[in-house]
Amino acid sequence: MARIVGIDLGTTNSLVAYMNGKTPTVIPGPEGRTLVPSIVAYTPSGFLTGDAAKEQLVRNPEHTVYSVKRFMGKGLADVTQELRYFPFKLTEQNGVIRLQIGNKSLTPPEISAMVLKELKARAEAFFGEEIRKAVITVPAYFNDSQRQATKDAGKIAGLEVVRIVNEPTAASLAYGLQKRKQGIIAVYDLGGGTFDISILKLKSGIFEVLATNGNTHLGGDDFDRRLVDVMMQDLKVKHSLSVEGRPELQQELRIRAEQAKCRLSTDTETVVEVPLPDGKGHYRRTFTRAELEKLVDDLVEKTLAPCRQALADAGLPATDVDEVVLVGGSTRMPLVQQRVQALFGKTPHCELNPDEVVALGAAVQADILSGGIQDMLLLDVTPLTLGIETMGGVMSSLIRRNTTIPTSAKELFTTFVDGQTSVDIHILQGERELAKDNRSLARFQLRIPPMPAGVPRIEVTFMIDANGILNVTARDVRTGEVQSIEVKPSYGLTDQEVERMIRDSFVYAKQDIQERQRIEAMNEAESILRATEKALARAGNLATPEELAAIQAAVANLKSAMAGTDHRALRDAIEKLNKASYSLAEKLMNSTLQEALKDKKLSDVT
Amino acid sequence: MEITKKELPLARSMCWHCQSDIGGEYFCNQCVKVQPLSKDMDYFTCFGLPRKLNIDTARLETKFYELSRVFHPDFFEGKSEMERAVSLANSAILNQAYRTLKDPLQRVEYLLRLEAGAAKDIPGKAPADLFEAILEMQEHLEAFHAATAENDAKTLARAGELLRGARKTLEAKRAALENRLAELFQIWDKLVEKPPHDQTQTATKERTLKEMRDLLSERSYVMNMLQNLNEVLA
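Same order as they appear, the protein sequences are chains Z and V. By the count of the numbering used here, the first sequence reaches residue 606 at its end, each step adding exactly one. By the count of the numbering used here, the second sequence reaches residue 1234 at its end, each step adding exactly one.
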């Protein structure tokens, strides 16, 4: 079976891991780093991802996008409150956010696909073979649209997403594999942009999720913003400076805030220094850990209600939890650890690397799917109640939250008036009574042959698969005929759009490669021109007139190639100049050598 | 608990793939393809259990884990589309069955559907012996809401006191209903053990089922009232 890798597609960083025998292992990049920053930048020479893109954050803030996971499966109205924190431009089309970078308008799945491609390339370089399949993790509390967007990102990157796994459950797989523990565990996962809590029962190799809860819009990013707000206020008061129209400054503040927050997990005090624009010196400020804790206290508090709800849904008191496992970079904060300890009444485990454990778990799940590990099985749940809109705008639930997946529900539909030929169905996800308070997933139309009212019987099956993704099928009960349904996602891409993006991504990649090759050839051409001019100036007298004429012709040829865009023509011209100037270069080398040897004794050069 | 291979009814007697006789086994003897479970199978049969109301939930869980290891989609990655579809459908049935039988209330509701063709959702009904108490409680509720609107602390405190009293009454009723339900579970299980085709037994069975249905109906009403009260008093 083709190799399957495990990918943690994070808000801040992403990783790819595989199963090295019986040990899940993260695949490092060429410089040995395991984390790929989930950042994409657009530069004149094409798209950059990962570390290269991270360097563009301050230099090129308007065309460098990050934390894109927060936009997956969302519309613009969902994120209006945080728009002011992003220096890049967001718009919306057909319920899907578009990020404006360069002259392109890209969706979150397309941006995520670029990060996935970087990971894919990393794995391919490591194994020396093409990688086509992956397990990708998502926050447990991701709804259907967000999961689908992640799957689309995989497709656009040329990966078949064989399974979407929830991050806390993936972490539990890595944890369970290592510790061989039994009992009830709680996984508290606070990442860069999302929060999840999952309560699991580990017994004889089965990892049964009892309940899960969370908040897909709460994480370390929000902590950073509290610090940024303080600094923005300072700048306004002390330096009459606003970040508006200064994306570089805005980005600088964000990066310094994040670094300061991280330092305050080990230090009790830290100094932030930010260069002011137009060389007006520096802005300097000391933050204490106590101050940070006061600023983010309500955010940490916000994670506790989902924990209590998950325990209630699992039907367990906090005292029944045997172990608490911490996952995600934000759990390095002492305040977070204290709160979790107070809630569960026991010291949480943080010996696993909170940045890597999710990717390691994804690799374990990939191994299970490849038929490697046979004795471990994950039984996960759907995090949100699924339902349909009924009369009066009320949501009628079909599948309750925390139902073990795969699971299905059937619903029978009929007509209310004679000759009615269609029934509109609106699918929702959420815990509220009214349809309008829940998340709209999709709408579709059942087609019905004209008959007296109440006679048609169409049975619709709502199946949530092991990825937590909904599949809808309809069957005419009288004829037994299966009806194909065209579901229009409320906040997602249609199949056709995904197809187009897959094609586009190849075009971009091709353009990018050609552009990169042209730039590399250009750089080489410039350096060879400089070298030739230098050689002619120093040793032109050594060349024969024929050699001189040939060099001058080759130089002219190269200069005209440099005016064009074809990198192959450039390469040719470089090669020609190299040949024409070869004998001159040789003569120059010899004369330089003689020059150098002139004053030296024989003993010095042997 | 051992899984005998022929425990669960399958949708068909011939393999969907190679048409050979599958003899009731989950995987075809000839082509080793997984076979679809019968959609008409009841959840008790799914776990090889008699239709009793007191279940050893630890054994139920063990059986659920065993069957999950047989049918879960994780073990069918890379198999044909049809095999994956069968695994998905079988797992969905299994999960639904486990969820239903694990919880005593869902279990008895399900039994009522099987034995007496009851509706999926049993409608709530006010317990007759609580009529007066419920009427009074409505009055207290109105007084409570009015006092909240007018910011009348004194009336609010008194109404709150009375409502807390009503909550105690409702909770006592709920406990009584659940105790009686537990007794009926025992009665039902004894009836199931007796040999069938006994005229008086059939009548007793029907009576027990009806009483359980009425209890559930009253319990559903009491639970609703309690939830409302808790929201108001929170």
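All C-beta atoms in this analysis are idealised placements derived from N, C-alpha and C, irrespective of residue type, glycine included. Just so you know, these numbers come straight off a predicted model, no measurement behind them.
**Message:** Can you check which of these residues, Ala171/Z, Phe86/Z, Val321/Z and Pro139/Z, is closest to Ile184/Z by C-alpha distance?
**Reply:** Indexing the first sequence from 1 puts residue 184/Z at position 184. With distances taken between CA atoms, Ile184/Z lies nearest to Val321/Z out of Ala171/Z, Phe86/Z, Val321/Z and Pro139/Z.
**Message:** On a Cα-Cα basis, can you pick out the residue from Lys1154/V, Leu1111/V, Tyr1026/V and Ser1068/V that is closest to Pro1050/V?
**Reply:** Counting from 1 along the second sequence, the entry for residue 1050/V is found at position 50. Closest option to Pro1050/V, Cα to Cα, is Leu1111/V.
**Prompt:** Within 7 Å (strictly less), CB to CB, does Pro1127/V reach chain Z?
**Reply:** Numbered from its first residue, the second sequence carries residue 1127/V at position 127. It does not: the Cβ of Pro1127/V has no partner Cβ on chain Z nearer than 7 Å.
**Prompt:** Looking only at its own chain, which residues have a Cβ that is under 7 Å from the Cβ of His282/Z, when we skip the five neighbours before and after it?
**Reply:** In the first sequence, the residue the question calls residue 282/Z occupies position 282. Here the set comprises Glu273, Val274, Pro275 and Leu276.
**Item:** Distance between beta carbons of Ala125/Z and Ala362/Z, contact taken as under 8 Å
**Value:** Here residue 362/Z refers to the residue found at position 362 when the first sequence is read from its first residue. Here residue 125/Z refers to the residue found at position 125 when the first sequence is read from its first residue. Going by Cβ atoms, the distance from Ala362/Z to Ala125/Z rounds to 19 Å, so no, they are not a contact pair.
**Message:** Taking 7 Å as the threshold (C-beta atoms), are Asn143/Z and Gln429/Z in contact?
**Reply:** Stepping through the first sequence from its first residue, residue 429/Z is reached at position 429. Stepping through the first sequence from its first residue, residue 143/Z is reached at position 143. Against a cut-off of 7 Å, the Cβ pair of Asn143/Z and Gln429/Z comes out as a contact.
**Prompt:** At a cut of 8 Å, does the region 209-224 of chain Z reach the region 253-272 of chain Z through at least three beta carbon pairs?
**Reply:** Cβ pair count under 8 Å is three or more, so yes.
**Asked** According to a CB-to-CB cut-off of less than 8 Å, which residues of the region 394-406 of chain Z neighbour chain V?
**Response** Those residues of the region 394-406 of chain Z that come within reach of chain V (Cβ to Cβ, closer than 8 Å) are Thr403, Thr404, Ile405 and Pro406.
**Asked** Using the beta-carbon count (16 or more within 10 Å), is His1072/V buried or exposed?
**Response** Along the second sequence, one-based indexing puts residue 1072/V at 72. His1072/V is buried by the Cβ-count criterion.
**Message:** Buried or exposed for Asp424/Z, going by 16 or more other Cβ atoms inside 10 Å?
**Reply:** Residue mapping note: residue 424/Z aligns to position 424 of the first sequence, counting from 1. It counts as exposed.
**N-terminal and C-terminal residue of the alpha helix (DSSP H) that Lys133/Z is part of** = Walking along the first sequence from the start, residue 133/Z turns up at place 133. No alpha helix (DSSP H) holds Lys133/Z; the beta strand (DSSP E) holding it covers Lys133 to Val138.
**Boundaries (first-last residue) of the beta strand (DSSP E) holding Glu208/Z** = As a working mapping, residue 208/Z is identified with position 208 in the first sequence. Counting along the chain, the beta strand (DSSP E) containing Glu208/Z begins and ends at Ile206 to Asn215.
**Request:** Would you mind working out which of Gly193/Z, Ser240/Z, Gly176/Z and Gly387/Z sits nearest Ser14/Z, comparing C-alpha positions?
**Result:** Counted from its first residue, the first sequence places residue 14/Z at position 14. The candidate whose alpha carbon is nearest that of Ser14/Z is Gly193/Z.
**Prompt:** Under 7 Å, do Ala1133/V and Thr1169/V count as touching if we go by C-beta distance?
**Reply:** If you number the second sequence from 1, residue 1133/V lands on position 133. If you number the second sequence from 1, residue 1169/V lands on position 169. Yes, they are a contact pair.
**Prompt:** With distances taken from CA atoms, which of Ile519/Z, Asp566/Z and Leu584/Z is nearest Lys534/Z?
**Reply:** By one-based count along the first sequence, residue 534/Z stands at place 534. Among Ile519/Z, Asp566/Z and Leu584/Z, the Cα nearest to that of Lys534/Z belongs to Leu584/Z.
**Request:** Specify the secondary structure class of Thr606/Z as computed by DSSP and reduced to three states.
**Result:** Here residue 606/Z is taken as the residue at index 606 of the first sequence, counted from 1. With a pLDDT of only 43 at Thr606/Z, under the threshold of 50, the placement of this residue in the model should not be trusted; the figure read from the coordinates follows. Assigned with DSSP and collapsed to three states, Thr606/Z falls in coil, not helix or strand.
**Asked** Around the C-beta of Met1137/V, are 16 or more other C-beta atoms found within 10 angstroms, so that it is buried, or is it exposed?
**Response** By one-based count along the second sequence, residue 1137/V stands at place 137. Buried, because 16 or more other Cβ atoms sit within 10 Å of the Cβ of Met1137/V.
**Item:** Unbroken stretches of the alpha helix (DSSP H), 4 residues or longer, contained in the region 518-583 of chain Z
**Value:** You should have 545-563 and 567-580.
**Asked** Three-state secondary structure (DSSP) at Met1001/V?
**Response** Indexing the second sequence from 1 puts residue 1001/V at position 1. In this predicted model, Met1001/V has a pLDDT of only 40, less than 50, meaning its place in the structure is not dependable enough to derive any value.
**Item:** chain Z within 7 Å of Leu1226/V, Cβ atoms only
**Value:** Here residue 1226/V refers to the residue found at position 226 of the second sequence. For Leu1226/V, the answer is no, since every Cβ of chain Z falls outside 7 Å of its Cβ.
**Prompt:** From Leu343/Z to Ala2/Z, what distance separates their C-alpha atoms?
**Reply:** Taking the first residue of the first sequence as position 1, residue 343/Z is located at position 343. Taking the first residue of the first sequence as position 1, residue 2/Z is located at position 2. The alpha-carbon atoms of Leu343/Z and Ala2/Z are separated by roughly 44 Å.
**Asked** Asp375/Z: buried (16+ other C-beta within 10 angstroms of its C-beta) or exposed?
**Response** The sequence position of residue 375/Z within the first sequence is 375, counting from 1. An exposed status is given to Asp375/Z, since fewer than 16 other beta-carbon atoms sit within 10 Å of its beta-carbon.
**Request:** Would you kindly work out how many angstroms separate the C-alpha atoms of Leu83/Z and Tyr188/Z, rounded to a whole number?
**Result:** Position 83 of the first sequence holds residue 83/Z. Position 188 of the first sequence holds residue 188/Z. A direct Cα-Cα distance of roughly 28 Å separates Leu83/Z from Tyr188/Z.
**Request:** Look at the Cβ atom of Leu378/Z, then the Cβ atom of Thr169/Z, and state whether they are nearer than 7 Å.
**Result:** Your numbering for residue 378/Z matches position 378 in the first sequence. Your numbering for residue 169/Z matches position 169 in the first sequence. Result yes, Cβ atoms of Leu378/Z and Thr169/Z sit closer than 7 Å.
**Message:** If you follow the alpha helix (DSSP H) that Ile373/Z is in, where does it begin and where does it stop?
**Reply:** Indexing the first sequence from 1 puts residue 373/Z at position 373. Unbroken run through Ile373/Z: none, as it is neither H nor E.
**Request:** Would you verify that the beta carbon of Glu1025/V is, or is not, closer than 7 Å to some beta carbon of chain Z?
**Result:** On the second sequence, residue 1025/V is found 25 positions in, with the first residue counted as 1. Chain Z contact via Cβ: absent.
**Item:** Sequence-distant residues of its chain with Cβ nearer than 6 Å to Val1222/V (five each side left out)
**Value:** By 1-based counting over the second sequence, the position of residue 1222/V is 222. Result list for Val1222/V: Leu1170, Lys1173 and Arg1174, in chain order.
**Item:** In chain order, each beta strand (DSSP E) run of at least 3 residues that lies wholly inside the region 318-382 of chain Z
**Value:** List check, beta strand (DSSP E) in window: 323-327 and 377-379.
**Request:** Using a Cβ cut-off of 9 Å, pull out every chain Z residue sitting near Arg1174/V, in sequence order please.
**Result:** Counting from one through the second sequence, the residue named residue 1174/V turns up at place 174. Simply none; closest approach about 17 Å.
**Asked** Based on Cα-Cα distance, which residue from Tyr1043/V, Cys1018/V, Leu1114/V and Asp1056/V lies nearest to Val1032/V?
**Response** By 1-based counting over the second sequence, the position of residue 1032/V is 32. Answer by Cα proximity: Cys1018/V.
**Request:** Select from the region 202-235 of chain Z all residues with a C-beta closer than 9 Å to any C-beta belonging to chain V, and list them in chain order.
**Result:** Listed by position along the chain: Lys203, Ser204, Gly205, Ile206 and Glu208.
**Request:** Give every residue of the same chain whose Cβ lies closer than 7 Å to the Cβ of Leu1053/V, excluding the five residues on either side of it in the sequence, and list them in chain order.
**Result:** Position 53 of the second sequence holds residue 1053/V. Listed in chain order, the non-local C-beta contacts of Leu1053/V below 7 Å within the same chain comprise Arg1107, Val1108, Leu1111, Phe1185, Trp1188 and Asp1189, local neighbours out to five positions each way being set aside.
**C-alpha gap between Arg1158/V and Glu1150/V, whole angstroms** = As a working note, residue 1158/V is residue 158 in the second sequence. As a working note, residue 1150/V is residue 150 in the second sequence. When the Cα atoms are used, Arg1158/V and Glu1150/V turn out to be separated by approximately 14 Å.
**Asked** Can you find a C-beta in chain V that's less than 7 Å from the C-beta of His466/Z?
**Response** As a position in the first sequence, residue 466/Z is number 466, starting the count at 1. Looking at the sequence shown, residue 466/Z is not His but Ala. Yes, contact with chain V.
**Asked** Residues in the region 446-476 of chain Z with C-beta within 7 Å of chain V's C-beta atoms, listed in sequence order?
**Response** Residues of the region 446-476 of chain Z with a C-beta less than 7 Å from any C-beta of chain V: Met463, Asp465 and Ala466, listed in chain order.
**Asked** Glu356/Z and Val26/Z: beta carbons closer than 7 Å?
**Response** Position 356 of the first sequence, counted from the first residue, corresponds to residue 356/Z. Position 26 of the first sequence, counted from the first residue, corresponds to residue 26/Z. Contact flag set, yes.
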